[in-house]
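Note that the sequence shown ends on residue 291 in this note's numbering; no numbers are left out.
Notes for the one structure printed next.
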Amino acid sequence: MSKNKKKKLPLVYQPVGLVLGLAGGAISSFAFRKTWKAIRHEDDTPDALDRDRGWGEVLLAAALQGAIFAAVRSVVNRAGAKAIERSTGSWPTKESAEKNDQD
């Protein structure tokens, strides 16, 4: 692969990353709602501004939602990067492109 293609790879990955990010957000939101329903047997998830919810419930929901979001984002990003690497032979980060240019 030429050096120009390696330099452009992160730019090429950006739209892929955007689509994967949107999909990951939808997946994590769905997973959080399903997890909350399994834990609390409620369809309505707590929000910080819910007057009828206590601090513990709101903080538990926020921590759970954050953990699910981070895990899903990591899975989606990693899978996308691996797919790009399989199809192009290069890892889709600026650091790896710069490192390959120095070699």
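All C-beta atoms in this analysis are idealised placements derived from N, C-alpha and C, irrespective of residue type, glycine included.
Does DSSP put TRP279 in a helix, a strand or coil? coil
Could you have a look at THR223 and say whether DSSP puts it in helix, strand or coil? helix
Residue closest to ALA258, alpha-carbon to alpha-carbon, out of LEU199, VAL204 and GLY212: GLY212
Assuming contact is defined by CB atoms lying nearer than 7 angstroms, are TYR201 and ILE272 in contact in what I supplied? yes
Can you tell me whether PRO203 is buried or exposed? The criterion is at least 16 other CB atoms within 10 Å of its CB, across all chains shown. exposed
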